[in-house]
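Below is one structure; the comments refer to it alone.
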Amino acid sequence: MTSFADLVISLNLVLAGLRLGLKNRQVGEKWVSDVCSY
Numbered sequence: 041m042t043s044f045a046d047l048v049i050s051l052n053l054v055l056a057g058l059r060l061g062l063k064n065r066q067v068g069e070k071w072v073s074d075v076c077s078y
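Heads up: the sequence shown begins at 41 in the numbering used here, then just goes up one per residue.
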């Protein structure tokens, strides 16, 4: 069972990743395609 703090940390990591993807769309799109390819 994950605690609320762990959930918040996970969300912050996801949002940080999305922000990086928006700053550099080529990197963001590559990251998304790599994840989706699994």
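For every residue, glycine included, the Cβ atom is placed at its ideal position computed from N, Cα and C.
Subject >> Inter-residue spacing [alpha-carbon to alpha-carbon] between Ser-43 and Val-54 >> reply: 17 Å
**OP:** Could you check the C-alpha separation between Val-48 and Ser-73 for me, to the nearest Å?
**Re:** 25 Å
**OP:** Reducing DSSP to helix, strand and coil, say where Asn-52 ends up.
**Re:** helix
Subject >> Distance between Met-41 and Asn-64 (C-alpha atoms, nearest Å) >> reply: 35 Å
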